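A short worksheet on the structure shown next.
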Amino acid sequence: MNEYRGVWTLAEVREGRVHPVSYELLAWGRNLADSLEVPLSAVLLGSNVAGQADDLIAGGADQVYVVDTPELASFLADSYTKTLAALVQRHKPEIFIASATSTGRTIMPLLYVDAETGLTADCTELTIEKAERLLLQTRPAIGGNVMADIRTPLGRPQMCTVRPRSKKPLPVDRSRTGKVFRESVDKRDLSSVMKLLEFLPEKNVGAPLQDAEIIVSGGKGMKNAKNFAMLEELARLLGGSVGASRTAVDLNWAPYSSQVGLSGKSVTPKLYIACGISGAVQHLAGMSASDTVIAINTDPEAPIFRVADLAIVGDVLEVVPALIGRLK
Amino acid sequence: MRVAVLVKQVPATENVKIDETTGTMIREGVEAELNPLDLHAVEEAVRLKERFEGTEVVVISMGPPQAKKAVKAAIAMGCDRGVLLSDRKFAGSDTLATARTLAAGLVHEGGFDLALSGERATDGETGQVGPAVGRILDMSALTFVSEVESVGAGTIVVRRAVEGGHERVEAPLPAMLSVVKEINVPRLCTLGGKIRAKKAEIPVVGAAELTIPEEHLGLAGSPTKVVRVSYPQITRKGKKLSASDDLDTALDAIRGLLADRGAV
Ligand SMILES: Cc1cc2nc3c(=O)[nH]c(=O)nc-3n(C[C@H](O)[C@H](O)[C@H](O)COP(=O)(O)OP(=O)(O)OC[C@H]3O[C@@H](n4cnc5c(N)ncnc54)[C@H](O)[C@@H]3O)c2cc1C
Ligand SMILES: Nc1ncnc2c1ncn2[C@@H]1O[C@H](COP(=O)(O)O)[C@@H](O)[C@H]1O
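Note that the protein sequences, when read in sequence, are chains A and B.
In the working numbering, each number is its position in the first sequence, counted from 1, plus 1189.
In the working numbering, each number is its position in the second sequence, counted from 1, plus 52.
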């Protein structure tokens, strides 16, 4: 087990570009690597991506392992898992973190089976217990009602995912230097039995919810589907995206892709504006990790106010249009 | 076609307690239900049965003896039969130990062309068990499945809900699908279904009947260890203003905070 050294992060590539979550991971990894006094490495898989290795170094990596080959042009669970498993076996990192995106949440549960180690999902805090060189992983469970501290004493690497947007990227530093390793991987590991046939983008306002910095979210208090238009307008003005409670989705006022909560998406925007949402635990489970929360609700006792930085007791149908008017 | 559905019994959402010393959930005295997200996996399996003649759907769960109830709930929705993997030796399993046990359960039940799981359980909330079972059994692991487009000639085509849209992916069978809520609306069970479920025998399969090494089981077979749990108070000391009393002050406060956070 002592042969395992170093901290790895998974660089995530979407449409040929390293996605911003990859730089957040480097901020997580930097702390851990410094504390363990080992190098921080990013793993970059894809086709025509090697040129972006320098960006990862400027973002905090000491080393970048690159597998750049046409076989990895699209994310396919099996070829990505086999390639990563080969790299892990070759270089033996002690810690491997990925983002809890659809990619991270797919690849890590497959990879940890191959590596026969532990995996902790959706961590909100990571610390090193120096004496034993162990990673202490803190994660919420049961809708955020419980925080659990978890260790992986025996398996290596110690694997986990962290929520997107749970840490700011480090400032870009172009003067940083690092090593880039072009790795070759067995053809069998690069091959996939799966095929990506097509990507069908959805046409919602703003960025996908999990990527959004600002989310304007509506619940049953919006009264009807038509009123969701004002949330779209507000989101557009703020450069944000529109979210919804399950009740609003069940009523077909918003698509399922915008549902926030236990049976929807976990989001961590800089700013979450809850409009006519009561704040049931299942909703809070998906949004209480937001940086700043503004809630508008007619009920002064609404539970959403418990997690709000600014609680506005009032009618959304009055407050939101007035706010839009003022912002214009 | 042979289809397996993995269902978990979970404590009915709120009021869950954790044993501070062992770090495991206290299940006694807490009402339990079939993991709500697994209803979508069950529904999809039953729809596959309706779509493809000669399909058998088997429900598999790992848990304490009471978890038979969750298996029966799935049978009431239309699954053909169910088994419960239950043994003291399984206690304290983390997701890897759970996945290994379930994988051995699938083998014990004769192997499957397709297996379905929910996206995640509402208690552990990891979403790791489904894909891990797929990997262990060398099935095509398809996560975040929002539609089964077609199954046939040894391949399956599904849609996956990912950031910003949907992917259409083709993969060979056997395949392990973890499905998202978007995939369907679970049916209510009929009276006939309830009667069938009530009558159904749910065999209990223990460690001795599974081909799985002892050291992979339960707490001992779990690489992750919960060392501490705490109950966070997610309360913020926010400012409260009444818009009905004074709309202007409220709007100023919102605007001020938006500006402060760089949103305007
Ligand atoms: C297993 C399970 C999973 C679940 N998953 C999710 C999930 O992922 N996401 C989720 O959101 N929910 C989820 N729920 C449902 C959750 O429990 C709540 O039912 C839901 O969040 C309530 O939505 P709401 O706040 O829009 O509606 P309500 O609870 O009906 O609240 C509406 C609010 O609007 C306020 N209001 C009314 N009129 C106005 C007005 N004119 N101006 C301002 N405010 C007004 C009311 O005071 C009230 O607080 C889940 C439940 C279960 C059991
Ligand atoms: N003990 C279990 N028995 C059967 N299925 C399970 C069990 N644990 C998890 N699953 C399945 O795996 C999915 C993901 O669970 P989890 O990884 O715990 O979030 C669940 O929705 C179930 O379909």
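Using N, Cα and C, we set each Cβ at its ideal position, and we do this for glycine too.
Because the structure is a prediction, the values reported are computed rather than measured.
Beta-carbon of A:V1255 versus every beta-carbon of chain B: anything under 8 Å? Position 66 of the first sequence, counting from 1, holds the residue named residue 1255 of chain A. It does not; no Cβ of chain B falls within 8 Å.
Starting from B:R103, follow the alpha helix (DSSP H) in both directions and report where the run begins and ends. Stepping through the second sequence from its first residue, residue 103 of chain B is reached at position 51. Looking at the DSSP string, the run of the alpha helix (DSSP H) that includes B:R103 is D90 to R103.
Find the residues of chain B that neighbour A:L1460, judging by a C-beta separation of less than 7 Å, and give them in chain order. Against the first sequence, residue 1460 of chain A aligns to sequence position 271. Scanning chain B for C-beta atoms nearer than 7 Å to the C-beta of A:L1460 yields R313 and A315, reported in chain order.
How many whole angstroms separate the CB atoms of A:S1430 and A:I1404, which I take to be in contact at a CB cut-off of 8 Å? By 1-based counting over the first sequence, the position of residue 1430 of chain A is 241. By 1-based counting over the first sequence, the position of residue 1404 of chain A is 215. Going by Cβ atoms, the distance from A:S1430 to A:I1404 rounds to 6 Å, so yes, they are a contact pair.
Whole-angstrom distance between A:L1214 and A:D1251, CA atom to CA atom: In the first sequence, counting from the first residue as 1, residue 1251 of chain A sits at position 62. In the first sequence, counting from the first residue as 1, residue 1214 of chain A sits at position 25. Computed Cα separation, rounded: 13 Å.
What residues in its chain sit with their C-beta under 8 Å from that of B:D132, if we drop five residues either side in the sequence? On the second sequence, position 80 is the one that residue 132 of chain B refers to. Within the same chain, Cβ atoms closer than 8 Å to the Cβ of B:D132 are found at K101, E108, V109 and V110, the five residues on either side in sequence being excluded.
Nonlocal neighbours in the same chain, by C-beta distance under 6 Å from A:E1318, ignoring five residues either side: By one-based count along the first sequence, residue 1318 of chain A stands at place 129. Excluding positions up to five away in sequence, the list reads L1325.
Residue range of the alpha helix (DSSP H) that includes B:V244: Residue numbering aside, residue 244 of chain B sits at position 192 when the second sequence is read from its first letter. A small fix is needed here, since residue 244 of chain B is Gly in this sequence, not Val. Unbroken alpha helix (DSSP H) run through B:G244: L243 to K251.
May I have the straight-line CA-CA distance separating A:R1371 from A:V1456, to the nearest angstrom? The residue given as residue 1371 of chain A occupies position 182 in the first sequence. The residue given as residue 1456 of chain A occupies position 267 in the first sequence. Cα to Cα, the separation comes out at about 35 Å.
Taking B:V181 as the reference, give the member of B:K60, B:D304 and B:E267 with the closest Cα. Here residue 181 of chain B is taken as the residue at index 129 of the second sequence, counted from 1. Taking only the C-alpha atoms, the option nearest B:V181 is B:K60.
So that I know if they touch, is there some Cβ in chain A lying closer than 8 Å to that of B:R307? The residue labelled residue 307 of chain B in the question sits at position 255 within the second sequence. Yes, its Cβ sits closer than 8 Å to a Cβ of chain A.
Report, in whole angstroms, the separation of the C-beta atoms of A:A1289 and A:V1227, which I expect to be a contact under 8 Å. As a first step, residue 1289 of chain A must be located in the first sequence, where it is residue number 100. As a first step, residue 1227 of chain A must be located in the first sequence, where it is residue number 38. Contact flag wrong, Cβ pair sits at about 24 Å.
Measuring only from the beta carbon, is B:V161 closer than 7 Å to any heavy atom that is part of ligand 2? What you label residue 161 of chain B is simply residue 109 of the second sequence in a count that begins at 1. The amino acid occupying residue 161 of chain B in the given sequence is Glu; Val does not appear at that position. Answer for B:E161: no, Cβ out of range of ligand 2.
Can you list, in chain order, the residues of its chain with a C-beta nearer than 7 Å to that of B:A52? Leave out the 5 residues immediately preceding and following it. Past the edges of chain B, shown from 53 to 316, lies residue 52 of chain B, and the structure says nothing about it.
At a cut-off of 7 Å, is B:P238 close to ligand 4 when judged by its beta-carbon and the heavy atoms of the ligand? With respect to small molecules bound, the structure shown includes ligand 1 and ligand 2 and not ligand 4.
The region 1357 to 1372 of chain A in contact with the region 298 to 316 of chain B per 3-pair CB rule at 8 Å: Contact annotation: the region 1357 to 1372 of chain A does not touch the region 298 to 316 of chain B, with fewer than three C-beta pairs closer than 8 Å.
Could you check the C-alpha separation between A:P1329 and A:T1481 for me, to the nearest Å? Position 140 of the first sequence, counting from 1, holds the residue named residue 1329 of chain A. Position 292 of the first sequence, counting from 1, holds the residue named residue 1481 of chain A. If I take the Cα positions, the gap works out to 19 Å.
Can we count A:P1489 as close to ligand 1, meaning its CB is less than 7 Å from some heavy atom? By 1-based counting over the first sequence, the position of residue 1489 of chain A is 300. No, since every heavy atom of ligand 1 falls outside the 7 Å radius drawn around the Cβ of A:P1489.
Is it right to say B:V185 is buried, meaning 16 or more other beta carbons lie within 10 angstroms of its own, or is it exposed? Within the second sequence, the letter at position 133 stands for residue 185 of chain B. B:V185 should be labelled buried.
Buried/exposed call for B:I247, threshold 16 Cβ in 10 Å: Taking the first residue of the second sequence as position 1, residue 247 of chain B is located at position 195. With fewer than 16 other Cβ atoms inside 10 Å of its own Cβ, B:I247 counts as exposed.
What beta strand (DSSP E) runs, 3 residues minimum, are completely inside the region 1197 to 1236 of chain A? 1229 to 1235
Sufficient close CB pairs (3 or more, under 8 Å) joining the region 115 to 131 of chain B to the region 235 to 253 of chain B: yes
For B:V221, would you say it is in contact with chain A, using Cβ-to-Cβ distances shorter than 8 Å as the test? Here residue 221 of chain B refers to the residue found at position 169 when the second sequence is read from its first residue. Chain A contact via Cβ: present.
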